[in-house]
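**Q** Sharing a structure, written as structure tokens. Questions coming.
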Amino acid sequence: MEASTVLEMRGVTKRFPGVVANDGVDFDLRQGEVHALLGENGAGKSTLMNILYGLYRPDEGEILVRGKTVSFGSAKDAIDRGIGMVHQHFMLIPVMTVAENIVLEIEPTKAGVLLDYDVAIERVRDISKRFGLAVDPTARVENISVGQQQRVEILKALYRGAEILILDEPTAVLTPQEAGELFEIIKSLQADGTSIIFISHKLNEVLEIADRITVLRRGKGIDSVPREGATEEGLARMMVGREVLLRVEKKPADPGDTLLEVRDLHVNDERGLPAVRDVSFAVRAGEIVGIAGVEGNGQSELIEAITGLRAAESGEIAVAGNVIGRSSARRMLDAGVGHIPEDRQRRGLVLEFSIAENIALHDYCYPPDSRFGWLFPGRLVQRARELIREFDVRGGGPNTRSGALSGGNQQKVVAAREIARDPKVLVAAQPTRGLDVGAIEYLHRRLIEERDEGRAILLVSLELDEVISLSDRILVMYEGRVVGEHTPDVTEEEIGLEMLGGRRKEPSAA
Amino acid sequence: MSEPLAPQHGTEPDEIAAAAPATVASRFELAQRAGGIAVPVATAVLAFLIGGLLVLATGHNPLQAYWDIIKGAGLDWLAHPTNTDVANTAAYNFSQTLLQTSSLILTGLAVAFAFRCGLFNIGGNGQYLVGLFCANWVGVSFVNMSRPAHIVVGIALATAAGAFWAAIAGFLKATVGAHEVITTIMLNWIAYWIGNYLFQQGGPLQGAQNRPLDIPISGNVVPSARLPVFWGDAELQGLHIGFFVAIASLVLFWLILNRTTLGYEVRAVGYNPAAAAYGGIKVRTNYVRAMAISGAFAGLAGGLDMLGYQYKIGTSDVQVQAIGFLGIAVALLGRNTALGVGLAGFLFGGLLYGTTHGLQSGSIDPSLAGHLTEMIQGLVVLFVGADVLILYLWSVRRKLRRQRAAAPPAAESPA
């Protein structure tokens, strides 16, 4: 389909101290098209869109809306030109209703000052009917689901007359079902003539929804390609700049002895409310057991109990057949449990410490790192040097401050430390959260390798495709219980339903 | 929700700087990185400038006042360092500056050590006081002990008392979560009133010779418990070997923090308690232990001062004692490092002695003389806090600017 061009960005360059975030990027958008902007974290996608939305001024280059050169001083200028943006993190006021949020700043008024609430509701009804986005205008935002909140954001933009809609990583916060609904909405908006820029780093959804795809890498526009003929492999290569192994290749698991066994575990959260209820399962040597679930269904508390960071109310945890009573982080470490925590910056690393000091975080108190309480920094550095080489950590040496590393390299430091301790059980919580394709590929391959080495791996992830592609068995958690167990040939939809509590099953002992 | 709600720090340095760090210690780490050596120096210069303006406002010449302070602190002696005879005023003044410096280094280290574990020990003064009391008690009693033993017992008990006093605050923090700022201040007052009780008329440690005269002062430390004086006259507040103990403590402080597993734990807890706990470190134990070590430095200062030159203590001494509070300024200006505390201790030592003994009534308003140190101390604390504040305000400004533009901080950092 050849339609008129509604938006053009020519040679846009934006420099920040020390980096060129956008380097002569060209981008154009046609009437009624979905144009995906694809790139790794830090490729410059958000910077480009923030320029388009008037939040940054480009150092060079020009922006044309419907053939006219524009210069945006603020988001308001962009909105006036019919550009709307839905941010990854919503900008809604939770205690206000849907209608109030949507009409905010351009409220219909009574007597000049008072909000005419009835008119507001009426207008929201109209617009939601026109675009086919069902919302309840009178519901409070804090009481509706994340998917619904996203609709409210989209309606907010449409209400302001947006004809060009920027969606920044819109599926990052959604369940598979909600993502499917979003795609329906996008298609109906498209049919209505709205042009959409869809920012993502997920290849499959880009191929599903976009008409054209522009790939950014390190601030440069690499190529713009139509969806027809584009493949995941080809796009990944453009994103990363080299061949990437997308499918996790693995041999069938060859499980050995049970190394981790959890029996009838009950764990409370901070507020003392039950978070893990009667969970039992086992992980054997040489297998990866994945736990799927929507955030906040007890996964974090389960991991913390297994790693000794949180006391269980009742139940048993056995490592390699030994029940660990009165567990503590130190006991679990010494029993052979490694842990890649879900928040590497808050828990996995002391950001002010050097790489060498972080690598010693568990073993600083044992020889050779120390003896009789005396620390040997030289040995820490030596050890770090070896692991930096083995795990291909880039961006610094043993004495580099860990906070100065990129997210992917920080995660490699964490993984290096945990794996190098030769744990029997490795708990990996959200191991690839926030990482780019290259780092994800590395960590996935490494987890499979460690499985094949005979470790028992417990993987917890909110990314369903990650759980399905890596795991040999999949458990689904909902409201603190294990509500399903599957083999990896299960579909995302099936698990997605269970994640939302759609189907209950008696907790199955593994 | 696969993305965390907080913006992820990317590789972009100012993204990291903008994120609010979790603990006091990491905030100072941040300020230190942001400012390096320049900020503490600028802080001190600024404090002196404003102090000078105040002198000017009273109709005196600030340059003359500062020159008096420099001479009063004996810094002119450094021009002729071969003449060590304390009959020479400059040499004597300099020895007195070093005497003050010794105490300030130790009370500064007390604050700095707790800081490195993420704790704000305001209780240096109380810990110093209990050190003074214990050393006085040992030094007045046990008259038959041999000299080295007497000194060692006195110093050891003073150090232990300081450690115990601070450990109470650490213990309360670890067990019931009571904030150490509150508890150490309360412990300061407890020490203060214990001192008033001990040495008052009829108090258990009032000197026997003072009782008939109704003087609320302790007994004198006997010669066998007095520290050897290596510069000057013991009767005229000569410089005692405690000076070397203070210097050695700087080295010890550095060694503990950087060369022991204990120091590793302290720093890990100070920067990020959650990561430390994940690493297998017992965070609560470290709170108690770090406070104890912190208090030991302050108690040691008290022990050395008592056996080194004070020899006796009265209720009025207890009431005006502030060396432990000055330690806060020393630690802040010294950025909680060994070298920094050493230099800041020397600066404040000179200031303390110089303002009280150097200023002539012609060059400064007499009512201002003694208070100039306190003013500069206050300004230093203010400014040291201020550069952290400035960094914080800077990050808030960035956030606000972005929010005004109706956008969140870019989740994708432009790196």
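Line by line, the protein sequences are chains Z and A.
The numbers in the working numbering rise by one with no breaks, and the one at position 412 of the first sequence is 412.
Take the position in the second sequence, starting the count at 1, then add 510; the result is the number in the working numbering.
Each residue gets a CB set at the ideal place from its N, CA and C atoms; glycine is no exception.
Anything in chain Z within Cβ reach of A:Ala482, meaning under 8 Å, just list it in chain order.
**A** As shown, chain A starts at 511 and ends at 925. That puts residue 482 of chain A outside it, with no answer to give.
**Q** Hey, is the region 273-288 of chain Z in contact with the region 478-488 of chain Z, meaning 3+ C-beta pairs nearer than 8 Å?
**A** Cβ pair count under 8 Å is three or more, so yes.
**Q** How long is the line joining the alpha carbons of Z:Arg247 and Z:Arg15, rounded to whole angstroms?
**A** Numbered from its first residue, the first sequence carries residue 247 of chain Z at position 247. Numbered from its first residue, the first sequence carries residue 15 of chain Z at position 15. Going from the Cα of Z:Arg247 to the Cα of Z:Arg15 covers about 35 Å.
**Q** Nearest by alpha-carbon distance to Z:Leu55: which of Z:Arg237, Z:Ala75, Z:Gly396, Z:Ala179 is it?
**A** By one-based count along the first sequence, residue 55 of chain Z stands at place 55. The shortest Cα separation from Z:Leu55 among Z:Arg237, Z:Ala75, Z:Gly396, Z:Ala179 belongs to Z:Ala75.
**Q** According to DSSP, simplified to helix, strand and coil, what is A:Ala925?
**A** On the second sequence, position 415 is the one that residue 925 of chain A refers to. Caution is warranted here: a pLDDT of 35 is assigned to A:Ala925, below 50, making its placement in the model unreliable, and no coordinate value can be reported.
**Q** Strictly below 9 Å CB to CB, what residues from chain Z border A:Arg769?
**A** For the purposes of this step, residue 769 of chain A is identified with residue 259 of the second sequence, where counting begins at 1. The answer, in chain order, is Trp374, Leu375, Phe376, Pro377.
**Q** Counting C-beta neighbours from all protein chains within 10 Å, is the total for A:Gln719 16 or more, i.e. buried, or is it exposed?
**A** As a first step, residue 719 of chain A must be located in the second sequence, where it is residue number 209. That one is exposed.
**Q** Indicate the three-state DSSP secondary structure (helix, strand or coil) for A:Tyr954 in the structure shown.
**A** This structure cannot speak to residue 954 of chain A, because chain A is shown only from 511 to 925.
**Q** Return the CA-CA distance between Z:Leu104 and Z:Gly407, expressed in angstroms with no decimal places.
**A** As a first step, residue 104 of chain Z must be located in the first sequence, where it is residue number 104. As a first step, residue 407 of chain Z must be located in the first sequence, where it is residue number 407. Going from the Cα of Z:Leu104 to the Cα of Z:Gly407 covers about 37 Å.
**Q** Can you find a CB in chain Z that lies within less than 8 Å of the CB of A:Tyr781?
**A** Counting from one through the second sequence, the residue named residue 781 of chain A turns up at place 271. Taking Cβ atoms only, chain Z reaches closer than 8 Å to A:Tyr781, which makes this a yes.
**Q** Express the C-alpha separation of Z:Glu450 and Z:Phe90 in angstroms, rounding to a whole number.
**A** Translated into positions along the first sequence, residue 90 of chain Z becomes position 90. Translated into positions along the first sequence, residue 450 of chain Z becomes position 450. Whole-angstrom Cα-Cα distance: 38 Å.
**Q** Just list the beta strand (DSSP E) runs in the region 25-100 of chain Z, keeping only unbroken ones of 3 residues or longer that don't cross its boundaries, in chain order.
**A** Qualifying beta strand (DSSP E) stretches, in chain order: 34-38, 60-65, 68-70, 83-86.
**Q** So, is Z:Pro341 buried or exposed, given that buried needs 16 or more other C-beta atoms within 10 angstroms?
**A** Mapped onto the first sequence, residue 341 of chain Z falls at position 341. Z:Pro341 is buried by the Cβ-count criterion.
**Q** Assign A:Thr592 to one of two classes, buried (16 or more other C-beta atoms within 10 Å of its C-beta) or exposed (fewer than that).
**A** Position 82 of the second sequence, counted from the start, is the residue given in the question as residue 592 of chain A. With fewer than 16 Cβ atoms within 10 Å of its Cβ, A:Thr592 is classed as exposed.
**Q** In terms of residue numbering, what span does the alpha helix (DSSP H) encompassing A:Phe856 cover?
**A** The sequence position of residue 856 of chain A within the second sequence is 346, counting from 1. Note, A:Phe856: alpha helix (DSSP H), 848-867.
**Q** What's the call for A:Phe623, buried or exposed, on a 16-neighbour Cβ count within 10 Å?
**A** Residue 623 of chain A sits at position 113 when you count from the first residue of the second sequence. It counts as buried.
**Q** Can you check which of these residues, Z:Asp23, Z:Pro94, Z:Gly32, Z:Leu37, is closest to Z:Gly61 by C-alpha distance?
**A** Position 61 of the first sequence, counted from the start, is the residue given in the question as residue 61 of chain Z. Measuring from the Cα of Z:Gly61, the nearest candidate turns out to be Z:Asp23.
**Q** List, from N- to C-terminal side, the alpha helix (DSSP H) runs of 4 residues or more that fit wholly inside the region 556-604 of chain A.
**A** Qualifying alpha helix (DSSP H) stretches, in chain order: 572-582.
**Q** Short of 6 Å in beta carbon distance, which residues of its chain neighbour A:Ser612, apart from the five on each side in sequence? Order them along the chain.
**A** To locate residue 612 of chain A, count along the second sequence from 1; it is residue 102. The residues are Gly752, Phe753, Ala756.
**Q** At the 8 Å Cβ level, is A:Leu469 part of the contact set with chain Z, yes or no?
**A** The structure shown does not extend to residue 469 of chain A, since chain A is modelled only from 511 to 925, so the question has no answer here.
**Q** I want to verify the contact list: residues of chain A whose CB lies under 7 Å from the CB of Z:Leu333, in sequence order.
**A** In the first sequence, counting from the first residue as 1, residue 333 of chain Z sits at position 333. Within 7 Å Cβ-Cβ: Gly790.
**Q** Going by C-alpha to C-alpha distance, which of A:Phe558, A:Arg721, A:Arg799, A:Leu772 sits closest to A:Gly680?
**A** Looking up residue 680 of chain A in the second sequence gives position 170. The candidate whose alpha carbon is nearest that of A:Gly680 is A:Arg799.
**Q** Which residues of chain A have a Cβ atom closer than 8 Å to the Cβ of Z:Pro341, listed in chain order?
**A** To locate residue 341 of chain Z, count along the first sequence from 1; it is residue 341. Residues of chain A passing the Cβ test: Tyr788.
**Q** Here's the rule I'm using: 16 or more other beta-carbon atoms within 10 Å means buried, otherwise exposed. How should A:Leu563 be labelled?
**A** For the purposes of this step, residue 563 of chain A is taken as the residue at position 53 of the second sequence. Exposed: under 16 other Cβ atoms inside 10 Å.
**Q** Which of the three DSSP states is assigned to A:Phe709 in this structure?
**A** Start at 1 with the first residue of the second sequence, and residue 709 of chain A comes out as number 199. Helix, per DSSP.
**Q** Quick one, which residues of the region 269-294 of chain Z are near chain A if we go by CB-CB under 7 Å, in chain order?
**A** Answer in chain order: no residues at all.
**Q** Using a cut-off of 8 Å between C-beta atoms, extract the partners of Z:Val319 located in chain A.
**A** On the first sequence, residue 319 of chain Z is found 319 positions in, with the first residue counted as 1. In chain order: nothing, as chain A lies at least about 15 Å away.
**Q** In three-state DSSP terms, what is Z:Pro274?
**A** Here residue 274 of chain Z refers to the residue found at position 274 of the first sequence. Of the three classes helix, strand and coil, the one that applies to Z:Pro274 here is strand, per DSSP.
**Q** What does DSSP give as the partner residues of A:Ser728 in its beta bridges?
**A** Residue mapping note: residue 728 of chain A aligns to position 218 of the second sequence, counting from 1. A:Ser728 is bridged to A:Gln716.
**Q** Counting C-beta neighbours from all protein chains within 10 Å, is the total for A:Pro531 16 or more, i.e. buried, or is it exposed?
**A** Taking the first residue of the second sequence as position 1, residue 531 of chain A is located at position 21. Note that A:Pro531 has pLDDT 41, beneath the 50 cutoff, so the model's placement of it is unreliable and no number is given.
**Q** Whole-angstrom Cβ separation of Z:Arg473 and Z:Glu233, contact assumed at under 8 Å?
**A** Position 473 of the first sequence, counted from the first residue, corresponds to residue 473 of chain Z. Position 233 of the first sequence, counted from the first residue, corresponds to residue 233 of chain Z. 28 Å between Cβ atoms; not a contact.
**Q** What's the C-alpha gap between Z:Glu493 and Z:Leu475?
**A** For this step, residue 493 of chain Z is matched to residue 493 along the first sequence. For this step, residue 475 of chain Z is matched to residue 475 along the first sequence. Those two C-alpha atoms are separated by around 14 Å.
**Q** Of all the CB atoms in chain Z, is at least one closer than 8 Å to the CB of A:Ala778?
**A** In the second sequence, counting from the first residue as 1, residue 778 of chain A sits at position 268. At least one chain Z Cβ lies under 8 Å of A:Ala778.
**Q** Over the uninterrupted alpha helix (DSSP H) stretch that includes Z:Gly383, give me the two end residues.
**A** Counted from its first residue, the first sequence places residue 383 of chain Z at position 383. The sequence shown places Arg at residue 383 of chain Z, not Gly. Its alpha helix (DSSP H) spans residues 377-390.
**Q** Any C-beta of chain A sitting closer than 8 Å to the C-beta of Z:Tyr478?
**A** If you number the first sequence from 1, residue 478 of chain Z lands on position 478. Chain A, which has no Cβ nearer than 8 Å to the Cβ of Z:Tyr478, makes this no.
**Q** Since Z:Leu309 meets chain A, which of its residues come closer than 8 Å, beta carbon to beta carbon?
**A** As a position in the first sequence, residue 309 of chain Z is number 309, starting the count at 1. Per Cβ cutoff of 8 Å: Ala787, Tyr788.
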